[in-house]
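**Student:** Can you keep this structure in mind? I'll have questions shortly.
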Amino acid sequence: MSIRSKATTAVASAAAMTLFAGTALAASPGAPGAGDSYFPKYGNGGYDVSHYDIRLNYNPTGDQLSGTTTILAKATQDLTQFNLDFLLKVKSVRVNNAPASFVSDGGELVLTPKGGVRKGQDLTIVVSYADTPSAVKDSNGITPWTKTPDGALAIGEPEIASWWYPSNDHPTDKATFDVNVAVPNGVEAISNGVFLGQTRQINGWTRWHWRSTKPQATYLTFLTIGQFEIRQSTTPSGQPSVNAYSERLGENADAAKASIERTAEITEFLEQNVGPYPFEAQGGVATPNLGYALENQTRSVYDTAFFRRGANTYVVAHEVGHQWFGDSVSVHGWRDIWLNEGFASYMEFLWSEHIGEGTAQENADYTYDLYPADSPFWQILPGDPGPANVFDGAVYDRGALAVHALRVAVGDEKFFEILKTWTAEKKFSNATVEEFIAVAERVSGQQLDQLFQTWLFTKGKPAEAPGRAGEVAASLAAGPAVTKAAEPKSRAKIQLTHELLDAHK
Ligand SMILES: [Zn+2]
-2 MSIRSKATTA
8 VASAAAMTLF
18 AGTALAASPG
28 APGAGDSYFP
38 KYGNGGYDVS
48 HYDIRLNYNP
58 TGDQLSGTTT
68 ILAKATQDLT
78 QFNLDFLLKV
88 KSVRVNNAPA
98 SFVSDGGELV
108 LTPKGGVRKG
118 QDLTIVVSYA
128 DTPSAVKDSN
138 GITPWTKTPD
148 GALAIGEPEI
158 ASWWYPSNDH
168 PTDKATFDVN
178 VAVPNGVEAI
188 SNGVFLGQTR
198 QINGWTRWHW
208 RSTKPQATYL
218 TFLTIGQFEI
228 RQSTTPSGQP
238 SVNAYSERLG
248 ENADAAKASI
258 ERTAEITEFL
268 EQNVGPYPFE
278 AQGGVATPNL
288 GYALENQTRS
298 VYDTAFFRRG
308 ANTYVVAHEV
318 GHQWFGDSVS
328 VHGWRDIWLN
338 EGFASYMEFL
348 WSEHIGEGTA
358 QENADYTYDL
368 YPADSPFWQI
378 LPGDPGPANV
388 FDGAVYDRGA
398 LAVHALRVAV
408 GDEKFFEILK
418 TWTAEKKFSN
428 ATVEEFIAVA
438 ERVSGQQLDQ
448 LFQTWLFTKG
458 KPAEAPGRAG
468 EVAASLAAGP
478 AVTKAAEPKS
488 RAKIQLTHEL
498 LDAHK
């Protein structure tokens, strides 16, 4: 930002203070963070977003992104200024139709609307911008925006929005979305929710329209541009489905299709276990260049590597499981990541049992035995892993063991009642680990503090695998002939899935 713009900001702030001076209102700047204990700068305070209208042009040649994002929000306090999270070069900002001064400062776009903002006031914020996202780095020197040979991937957790649209970038401020992207004719642009169609423009470009009508977190809003085969259909449950396959999947293309085309079946199976599917559309995208998979709302994206040993429905069960655990019920803070990864990983165990490749118990036994007591694996606490370990393998594997320990303790009937109660009561909102424990105790009628203390909050390997049958435990104790549980048929694929997901740190 130029010195001249900074001077303008100072003048505008002074004007705002003058306005409020005579009214004795406690107007102040909105907080630069949403209060996340792991990532204090993520998100902002002082307003609540209800809708994003993202209208962009993207040219794969040169990675050129430009356009306008219109944000509908409501002020939650009297404000002299407030922040959006954004890293790209901004051309102009309007707040309620009036030009607002702005300063870009290390990922914070600080806006000073003329005359300030009153608590409860509706805000229409229009930000115009243009930049080369792959060249833009955050304060850690990284960019999650991936330039590919034929387009780009705007996909990332916990952060991606700042590389393609300005936002209140924290899962506690969900909103609905229209994503509207023009690309050169012959290029595909894929995002979340329902596909509203494409419009040919007069300049040799085509505009793609996507709409998410249910509350959606900023990091779960994605954009994938390139050469894709798109398959549209209607699921047996009547939902629109859009799957997309990069034309660069090579020999993994058929294995990817044999997995992702089963999304509706896997969704239906999980519905029986955890409650009604919360969203308005389904689908999946397979692409090279991502390196992991991410549960973007209604449409997960999978790296082609998940399918290098043939079809892998476990990664699909994991990401579809996230639609309930992570997308509909989102973390209150990133410390609560077990609510996402522990449960999504446990959905793989349920799917394994369903298709006859190893029961959840066999998977739990094998997982428990996989890590020796002196492994650093047991030093990470799934219930509070720390900001550097949010995606550590322990959050997934030990996290799934914690879920299984609950199932064993309360029995199947109460266990599935807990899951269904949780996804219903917390639908479209945010939650903490402590709130899950409270629901589990209320529904089961049991005191479960000790169980969760052991599996989520205590370093070291718990003394026993949860629910291991007595005879198995005895034969293992008799060792050394048998020292580990037998490997379930599903394990190799689950292992591959977790290795790739864990690589995303
Ligand atoms: Zn996951």
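Numbering (this note's numbering) for the sequence shown: -2 to 502.
The C-beta atom is built at its ideal place from N, Cα and C for all residues, glycine as well.
When DSSP labels each residue in this structure, what does R395 get in the three-state scheme?
**Tutor:** Helix, per DSSP.
**Student:** Got a sec, what are the start and stop residues for the alpha helix (DSSP H) V87 sits in?
**Tutor:** Unbroken run through V87 is the beta strand (DSSP E), 87 to 92; no alpha helix (DSSP H).
**Student:** Can you give the Cα-Cα distance for A31 and K116, rounded to whole angstroms?
**Tutor:** Whole-angstrom Cα-Cα distance: 17 Å.
**Student:** Please indicate yes or no: does the CB of E338 lie closer than 7 Å to some heavy atom of ligand 1?
**Tutor:** Yes.
**Student:** Buried or exposed for L76, going by 16 or more other Cβ atoms inside 10 Å?
**Tutor:** Buried, since its Cβ has 16 or more Cβ neighbours within 10 Å.
**Student:** Is F303 helix, strand or coil by DSSP?
**Tutor:** Looking at F303 - three-state DSSP - the assignment turns out to be helix.
**Student:** Would you say the beta carbon of H315 comes nearer than 7 Å to a heavy atom of ligand 1?
**Tutor:** True, at least one ligand heavy atom lies under 7 Å from that Cβ.
**Student:** Could you tell me the distance, in whole angstroms, from the CA atom of A399 to the CA atom of K411?
**Tutor:** Their Cα atoms are separated by approximately 16 Å.
**Student:** Tell me whether E345, by its Cβ, gets closer than 7 Å to a heavy atom of ligand 1.
**Tutor:** The answer is no for E345.
**Student:** Is the region 194 to 202 touching the region 174 to 185 in the sense that three or more CB pairs, one from each, lie closer than 8 Å?
**Tutor:** Enough Cβ pairs lie closer than 8 Å, so yes.
**Student:** Answer with buried or exposed for N94, where buried requires no fewer than 16 other C-beta atoms within 10 angstroms of its C-beta.
**Tutor:** So N94 counts as exposed.
**Student:** In terms of alpha-carbon separation, which member of L108, T284, L81, S238 lies closest to L150?
**Tutor:** Of L108, T284, L81, S238, the residue nearest in Cα terms is T284.
**Student:** List the residues that DSSP assigns as beta-bridge partners of Y49.
**Tutor:** Per DSSP, I68, F174.
**Student:** In terms of residue numbering, what span does the alpha helix (DSSP H) encompassing H315 cover?
**Tutor:** Unbroken alpha helix (DSSP H) run through H315: 310 to 319.
**Student:** Report buried or exposed for Q358, applying the criterion of at least 16 other Cβ atoms within 10 angstroms of its Cβ.
**Tutor:** Counting Cβ neighbours within 10 Å, Q358 comes out buried, since at least 16 surround it.
**Student:** Under the three-state reduction of DSSP, which class applies to A151: helix, strand or coil?
**Tutor:** Looking at A151 - three-state DSSP - the assignment turns out to be strand.
**Student:** So, is R332 buried or exposed, given that buried needs 16 or more other C-beta atoms within 10 angstroms?
**Tutor:** Counting Cβ neighbours within 10 Å, R332 comes out buried, since at least 16 surround it.
**Student:** Whole angstroms is fine: what's the gap from P503's alpha carbon to V328's?
**Tutor:** The chain is shown only over -2 to 502; residue 503 falls outside these bounds and no answer can be derived.
**Student:** Can we count E265 as close to ligand 1, meaning its CB is less than 7 Å from some heavy atom?
**Tutor:** Answer for E265: no, Cβ out of range of ligand 1.
**Student:** Is the distance from the Cβ of L81 to the Cβ of L108 below 8 Å?
**Tutor:** Against a cut-off of 8 Å, the Cβ pair of L108 and L81 comes out as a contact.
**Student:** Grab the span of the beta strand (DSSP E) containing A241 for me, first residue to last.
**Tutor:** Start and end: 237 to 243.
**Student:** Any chance the CB of H495 is under 7 Å from a heavy atom of ligand 1?
**Tutor:** Outside the cutoff, so no.
**Student:** Which of helix, strand or coil does DSSP assign to Y126?
**Tutor:** The answer is strand: DSSP assigns Y126 an E or B state.
**Student:** Could you pull out every residue in the same chain whose Cβ sits closer than 6 Å to the Cβ of N386, ignoring the five residues on either side in sequence?
**Tutor:** So the list reads I377, once near-sequence residues are dropped.
**Student:** So is L193 buried or exposed if we call it buried at 16+ other beta carbons inside 10 Å?
**Tutor:** L193 is exposed by the Cβ-count criterion.
**Student:** Just to check my reading of the structure: E185 and I227 have Cβ atoms closer than 8 Å, yes? What is that Cβ distance to the nearest angstrom?
**Tutor:** Indeed, because the Cβ distance is near 6 Å, the residues count as touching under 8 Å.
**Student:** Grab me the residues of T210's own chain with a C-beta within less than 8 Å of its C-beta, minus the 5 sequence neighbours each way, in chain order.
**Tutor:** Only T173, G190, V191, E277 meet the Cβ criterion.
**Student:** Flag this pair as yes or no: are the beta carbons of I122 and P141 separated by less than 8 Å?
**Tutor:** Their beta carbons are not under 8 Å apart, which means I122 does not touch P141 by this criterion.
**Student:** Counting only beta-carbon atoms, is A482 nearer than 8 Å to chain C?
**Tutor:** You won't find chain C in this structure, because it holds only one protein chain.
**Student:** Can you give me the start and stop residues for the alpha helix (DSSP H) that W331 sits inside?
**Tutor:** Careful: W331 lies outside any alpha helix (DSSP H) and carries neither H nor E.
**Student:** Is the separation between the beta-carbon of L453 and that of P379 shorter than 8 Å?
**Tutor:** Yes. Within cutoff.
**Student:** Are W160 and V133 touching if we call contact CB-CB under 8 Å?
**Tutor:** Yes.
**Student:** Quick check: is any heavy atom of ligand 1 less than 7 Å from the C-beta of L498?
**Tutor:** Correct: L498 has its Cβ closer than 7 Å to ligand 1.
**Student:** If the criterion is Cβ atoms closer than 8 Å, does the pair W321 and V271 meet it?
**Tutor:** Contact flag set, yes.
**Student:** Going by other Cβ atoms of all chains shown within 10 Å of its Cβ, with 16 needed for buried, is G235 buried or exposed?
**Tutor:** With fewer than 16 Cβ atoms within 10 Å of its Cβ, G235 is classed as exposed.
**Student:** Is the region 434 to 443 touching the region 348 to 363, taking contact as three or more C-beta pairs under 8 Å?
**Tutor:** Counting Cβ pairs under 8 Å, fewer than three are found: no touch.
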